[in-house]
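Data block below; observations after.
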Ligand code: SF4
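Residue numbers (the numbering used here), protein chains in the order written: chain Z, 555 to 752; chain S, 578 to 1040.
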């Protein structure tokens, strides 16, 4: 599925300083029954966000109008658990384009990259700084520059660089995905498959 | 050059390496189910492309299927819709479809090995993180997202950087009442839920060498719970005996040729891992989890650790214990139990039912416990009946449900109610995993059985 190109993003951010946020929190299994990729944002963090009677939980950050933006800042080991890409879809569909954490679970990170959400891994120290800045001033803006692989706290100018493979970076900046690439090398694949009897 | 088992299998599947990027890896076998495939098929349609090798993909319905009255139409319209989508997509593209009611239907990671789809040296993927199960056969197997399902359908490849390599060795021998599930929960408790992120694990040493294939599958299944991409065990005679003669394994000359290759699938003596751990298997107790991730496990006779003694943030730890309604320093033995779940791709195989039956034989289920016993497949279900296990279970007051994922992820009606405690043989104790508000304690089939009989968390070694 093609997605928007990602170059730079300047936005306020939503802080969620909880560790080991798992995919069952991002999107509980009972909301995985769709056969199309629509509406997952409504159920992002469903059980942290809503009471059983569907009234919003006042103390959850997504229900706090002070915090908004296209960047979600999570605690360590963000996205652990299942391979459900629905978790990344929910993040995207809600309106986030970037997730910042000091550590990501593997599959979630890969899923994000495949659908156009940029996972930005920062040092634990920088993560602490970001949380502190947002809690002090919710209007704090972050700037993410993919070409330079940098994330900056605009207020103070503090900045850090992050890792991303050159290939994935190219894809994100151009809105390409892996299938576009693989389609172009199909002849090689077919040749290779001949040597791999089923 | 000396290589690890993982290197040998991975490198032999790389079609192309991208400078500063991922490898293009050929996938031998692809398993799909109703939940993570529909959007992938939609993607194919939108792009106007087809399925490159339909005979390398197998479809089974499991995540969302009812575990009682499977002969009736599925009541929930959304679930029914997903099941129909799997069937019509499979039919449209010529993929074998083992839907609800089909004799080969069952949990994807249980039926794959049963029919010999899983083989040593193969690359296997599925849109489910516990695909790591198949690593028990010396395959590279891991879970993928829906975009990747679409990739594999259309090109039979995925694009991923090669993970780092970790070896975990268990020396000695597991003690009485200690199962492969306990060995896995122990390792996860030592490494934490993110300790193996970025790695592919090889399990080595006498404990794994002496395990049955069922036990090895349980261990590899849980690799993902410490963040690993997957886990694998070198194939040996136990492996070959298990797969020989199964529907999709090679026969005759092809078998002999395959064996020649499979016997080379082991880590060379001087191969180097990026990380190594060794533990003494004889020190492991039956395990149980007390928190909301699989790394929060302890020996069943221990006390819940104090926040200051665990890694990670105090706030997150306290949030987790609050959710469970437990306190630091509590003992786990004697904790309340409302539900017991035996099943899932972790512990829904015949050996798990044998273990459960060995404890409940001649005893009776506690009245306060609701027990859901869910076989992983129709083959397991049939074996339970043939071996007389069903009679033992029935006499002890238990009933058997029909195959499926069931309360492992609680997508169907098998949901643990809010606030209730479940001793579960599945793989995840996340908040709400087994139903909104449910509280899960992960454990082995033996602990589950002893707890079902006593009505509280119980050490099976006393039975
Ligand atoms: S039993 Fe659970 S972990 Fe296994 S395939 Fe089903 S949902 Fe996934």
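For each residue, glycine too, the CB sits at the ideal point set by N, CA and C.
By DSSP, does residue 943/S sit in helix, in strand, or in coil? Annotated three-state conformation of residue 943/S is coil, per DSSP.
Can you confirm whether residue 733/Z, when its beta carbon is compared against all beta carbons of chain S, has any partner nearer than 8 Å? Interface residue, yes.
Quick one: grab the DSSP three-state call for residue 645/Z. Looking at residue 645/Z - three-state DSSP - the assignment turns out to be helix.
Establish whether the CB of residue 863/S and some CB of chain A are separated by less than 8 Å. Here chain A cannot be found, since the structure's protein chains are Z and S.
What do you get for residue 578/S, buried or exposed, if any count of 16 or more other CB atoms within 10 angstroms of its CB means buried? Looking at its Cβ environment, which holds fewer than 16 other Cβ atoms inside 10 Å, residue 578/S is exposed.
Any C-beta of chain S sitting closer than 8 Å to the C-beta of residue 631/Z? Yes, its Cβ sits closer than 8 Å to a Cβ of chain S.
Check distances from the C-beta atoms of the region 724-739 of chain S to those of chain Z and list, in chain order, the residues that come in under 9 Å. If the cut-off is 9 Å between Cβ atoms, the region 724-739 of chain S has 724, 725, 726, 727, 728, 731, 732, 733, 734, 735, 736, 737 and 738 near chain Z.
Taking the beta carbon of residue 677/Z as the centre, do at least 16 other beta carbons fall within 10 Å, making it buried, or is it exposed? By the neighbour-count rule (16 or more Cβ atoms within 10 Å), residue 677/Z is not buried but exposed.
Would you say residue 684/S lies against chain Z (beta-carbon separation less than 8 Å)? For residue 684/S, the answer is no, since every Cβ of chain Z falls outside 8 Å of its Cβ.
Within the chosen definition, does the region 721-733 of chain S reach the region 985-996 of chain S through at least 3 CB pairs nearer than 8 Å? Not touching, per the Cβ criterion.
Should residue 586/Z be counted as a contact of the ligand SF4 given a C-beta to heavy atom distance under 7 Å? False, no ligand heavy atom lies under 7 Å from that Cβ.
May I ask you to report which of helix, strand or coil DSSP gives residue 1110/S? In the structure as shown, chain S starts at 578 and stops at 1040, and residue 1110/S therefore has no counterpart that could be examined.
Around the C-beta of residue 1003/S, are 16 or more other C-beta atoms found within 10 angstroms, so that it is buried, or is it exposed? Taking a 10 Å sphere around the C-beta of residue 1003/S, we find 16 or more other C-beta atoms and assign the residue as buried.
Residues of the region 567-596 of chain Z in Cβ contact with chain S at a cutoff of 7 Å, in chain order, please. Against chain S - using a Cβ distance shorter than 7 Å - the residues of the region 567-596 of chain Z are 572, 573, 574, 576, 578, 579, 582, 583, 584, 586, 587, 589, 590 and 591.
Which residues in chain S sit within 9 Å of residue 661/Z, going by Cβ to Cβ distance? Residues of chain S passing the Cβ test: 706, 719, 720, 721, 722, 801 and 806.
Among residues of its own chain, excluding the 5 on either side of residue 825/S, which ones have a beta-carbon nearer than 7 Å to its beta-carbon? If you ignore the 5 residues before and after residue 825/S, its C-beta comes within less than 7 Å of the C-beta of 692, 693 and 694, all in its own chain and listed in chain order.
Express the C-alpha separation of residue 650/Z and residue 727/Z in angstroms, rounding to a whole number. In a straight line, the C-alpha of residue 727/Z is about 17 Å away from that of residue 650/Z.
Contact list for the region 583-599 of chain S against chain Z, Cβ threshold 7 Å: Listed by position along the chain: 592, 593, 595, 597, 598 and 599.
Cα separation between residue 1032/S and residue 917/S? Taking the Cα positions, residue 1032/S is about 9 Å away from residue 917/S.
Against chain Z, does residue 647/S count as a neighbour if the rule is that its beta carbon must be under 8 Å from one of theirs? At a cut-off of 8 Å between beta-carbon atoms, residue 647/S makes no contact with chain Z.
8 Å Cβ cutoff, residue 746/Z in contact with chain S: Yes, residue 746/Z lies at the interface with chain S (some Cβ there is under 8 Å from its Cβ).
Buried or exposed: residue 600/S, going by 16 or more other Cβ atoms within 10 Å of its Cβ? So residue 600/S counts as buried.
Is the number of C-beta pairs between the region 929-946 of chain S and the region 894-905 of chain S that are closer than 8 Å three or more? Because the criterion of three Cβ pairs below 8 Å is not met, the region 929-946 of chain S and the region 894-905 of chain S do not touch.
Report yes if the C-beta of residue 639/S is less than 7 Å from at least one heavy atom of the ligand SF4; otherwise report no. The answer is yes for residue 639/S.
Roughly how many angstroms separate the alpha carbons of residue 555/Z and residue 562/Z, rounded to a whole number? Here residue 555/Z scores only 49 on pLDDT, less than 50, and its place in the model should not be relied on; the value that follows carries that caveat. So the two alpha carbons sit approximately 21 Å from each other.
Given residue 579/Z as reference, the closest of 989/S, 708/S and 1005/S once Cα atoms are compared: Among 989/S, 708/S and 1005/S, the Cα nearest to that of residue 579/Z belongs to 1005/S.
Contact check, residue 632/Z vs residue 674/Z, beta carbons under 8 Å: No, they are not a contact pair.
Give every residue of the same chain whose Cβ lies closer than 8 Å to the Cβ of residue 1028/S, excluding the five residues on either side of it in the sequence, and list them in chain order. If we look at residue 1028/S and ignore the five residues flanking it on each side, its Cβ neighbours are 914, 917, 946, 1000, 1020, 1034 and 1035.
Meets three-Cβ-pair contact criterion under 8 Å: the region 781-793 of chain S and the region 620-632 of chain S: Contact fails: fewer than three Cβ-Cβ distances are below 8 Å.
Quick check for students: name the residue ranges of the alpha helix (DSSP H) that lie wholly in the region 600-672 of chain Z, counting only runs of 4 or more. If only complete runs of 4 or more residues are kept, the region 600-672 of chain Z shows the alpha helix (DSSP H) at 600-603, 640-648 and 660-669, in order along the chain.
Assuming the contact rule is C-beta atoms closer than 8 Å, residue 949/S and residue 984/S should be a hit. Round their C-beta distance to whole Å, please. Rounded, the Cβ-Cβ distance is 6 Å, consistent with contact.
Option in 806/S, 788/S and 797/S with minimal Cα separation from residue 814/S: Answer by Cα proximity: 788/S.
Coil, strand or helix - residue 555/Z by DSSP: Since pLDDT at residue 555/Z reaches only 49, below the 50 mark, its modelled position is unreliable, and the value read off the structure follows with that caveat. The answer is coil: DSSP assigns residue 555/Z none of H, G, I, E or B.
Residues of chain Z with CB closer than 7 Å to the CB of residue 889/S, please, in chain order. Chain-order list of chain Z residues neighbouring residue 889/S: 573, by C-beta distance under 7 Å.
Along the chain, where does the beta strand (DSSP E) that runs through residue 674/S open and close? 673-675 is the extent of the beta strand (DSSP E) around residue 674/S.
According to the Cβ coordinates, are residue 661/Z and residue 720/S closer than 8 Å? In contact: residue 661/Z and residue 720/S (Cβ atoms closer than 8 Å).
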